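One structure below.
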Amino acid sequence: MRLRGKGRGSIVFQQDYADCGTPSAVKSTFHRMYTSGTLVRLAHGIYYYPKEDKEFGLGIIYPSVEDIAQAIAKRDKAKIVPMGAYALNRLGLSTQMPMNVVFLTNGAPRQIKIGNGRGILFKHSSSGKNFSYKSELMMLVVTAMRTIGEDKITEEERNVLIEHARNVNDNDFKHDIKLAPAWVRKMLIAR
Numbered sequence: 000m001r002l003r004g005k006g007r008g009s010i011v012f013q014q015d016y017a018d019c020g021t022p023s024a025v026k027s028t029f030h031r032m033y034t035s036g037t038l039v040r041l042a043h044g045i046y047y048y049p050k051e052d053k054e055f056g057l058g059i060i061y062p063s064v065e066d067i068a069q070a071i072a073k074r075d076k077a078k079i080v081p082m083g084a085y086a087l088n089r090l091g092l093s094t095q096m097p098m099n100v101v102f103l104t105n106g107a108p109r110q111i112k113i114g115n116g117r118g119i120l121f122k123h124s125s126s127g128k129n130f131s132y133k134s135e136l137m138m139l140v141v142t143a144m145r146t147i148g149e150d151k152i153t154e155e156e157r158n159v160l161i162e163h164a165r166n167v168n169d170n171d172f173k174h175d176i177k178l179a180p181a182w183v184r185k186m187l188i189a190r
C-alpha cells in the first residue's frame with residue numbers, strides 16, 4: 000500500500016485506496032494493518048498512521064478532533080466552521096472542551112463517533128455567508144460572539160474578542176466585517 004508515502008501522523012481513509020483492489024480486499028488490508036498495530040482506528044473507515052513521541056516516550060501522539068474534522072472536510076471537498084463551545088475554547092473564552100465538537104459544513108450532515116465517547120457533528124448550512132470569511136480568526140470571533148449572544152456577552156469576553164479581531168489584517172477585516180451580524184459589527188468596528 001502507498002501508506003508510507005503519506006508519512007507518519009497522517010489520517011487515512013479506506014476509500015482513498017479504492018484503486019488498490021476490491022472493496023473487501025482493501026477492508027481486509029486495513030483490518031490487518033489495524034490488528035498488527037500499523038494503523039490506529041479513529042472511527043468507522045477512518046484510520047491514523049501513528050506518530051510516536053520518541054523524545055519523552057509518551058507513546059502515540061493522536062490527532063486532535065479538529066485535525067480529524069479537517070481531514071474529513073478535505074476528503075469530502077467541503078468547508079467547515081467550528082461552532083458553539085468549541086469556538087469559545089479555541090479563542091480562550093472557555094476551558095471546557097466539549098465531548099461532541101460541532102462544525103457547520105456546506106457538505107453532508109453527519110455524526111462521527113471517535114473513541115472515549117467523543118464525537119464530531121457536522122451540521123449542514125446552505126448559507127454561503129458562513130463560509131465566505133477570508134480570515135479564519137475573524138470567522139471564529141464572529142461565531143463565538145453569536146454563540147454567547149448579544150445580551151449575554153460580558154465586558155471581559157468583549158475585550159478578548161476585540162483583541163483577537165485586532166490580529167486580523169485590515170483587508171480581511173474590511174471584507175469579513177460585512178458578513179457579520181449588525182450587532183457584532185457595532186462591537187468590533189471600534190477595535
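Sequential numbering of the sequence shown, starting at 0, is according to numbering that gives the first Met the number 0. Using N, Cα and C, we set each Cβ at its ideal position, and we do this for glycine too. Remember, it's a predicted structure, so these values are computed and weren't measured experimentally.
Where do the ends of the alpha helix (DSSP H) carrying residue i lie?
i	result
Gln69	64-75
Thr104	No alpha helix (DSSP H) holds Thr104; the beta strand (DSSP E) holding it covers 99-104.
Asp52	First-last for Asp52: 50-52, but that is the beta strand (DSSP E), not the alpha helix (DSSP H).
Leu41	Here Leu41 belongs to no alpha helix (DSSP H); instead the beta strand (DSSP E) covers 39-42.
Pro180	Element bounds for Pro180: n/a, residue is neither H nor E.
Pro22	22-35
Gly83	83-89
Ile161	154-165
Lys173	169-176
For residue i, count the other beta carbons within 10 Å of its own beta carbon; 16 or more makes it buried, fewer makes it exposed. Which is it?
i	result
His163	buried
Ala17	exposed
Thr21	exposed
Ala107	exposed
Phe55	exposed
Val143	Note that residue 143 is Ala in the sequence shown, not Val. Buried.
Ala68	buried
Would residue i and residue j be called neighbours here (beta carbons separated by less than 8 angstroms)?
i	j	result
Ala86	Leu139	yes
Ile161	Leu136	no
Lys133	Asp175	yes
Val167	Gly91	no
Ile10	Val64	no
Gln13	Lys5	no
Glu156	Ile147	yes
Val141	Leu120	no
Tyr33	Tyr46	yes
Shortest alpha-carbon distance to residue i belongs to which of the options?
i	options	result
Tyr48	Glu54, Ile59, Gly148	Ile59
Asp66	Lys128, Leu41, Leu90	Leu41
Phe130	Ser27, Leu90, Gly8, Ala179	Ala179
Gly8	Arg184, Gln110, Ala70	Ala70
Ser124	Val141, Thr104, Gln110	Thr104
Lys78	Lys122, Ser35, Ile45, Tyr61	Lys122
Lys185	Asp171, Arg89, Glu149	Glu149
How close, in whole Å, do the beta carbons of residue i and residue j come, if the pair is a contact with beta carbons under 8 angstroms?
i	j	result
Met98	Gly83	About 12 angstroms separates the two Cβ atoms, so there is no contact after all.
Arg89	Pro81	6 angstroms
Considering residue i, what are the terminal residues of the beta strand (DSSP E) in which it resides?
i	result
Phe121	117-123
Ile60	58-60
Val140	From DSSP, Val140 is part of no beta strand (DSSP E) but of the alpha helix (DSSP H) over 135-147.
Val11	9-12
Lys151	Taken as a continuous stretch (DSSP letters only), Lys151 belongs to no beta strand (DSSP E), as it is neither H nor E.
Checking contacts by CB at 8 angstroms: is residue i closer than that to chain C?
i	result
Val25	Structure shown: chain C not included; a single protein chain is present.
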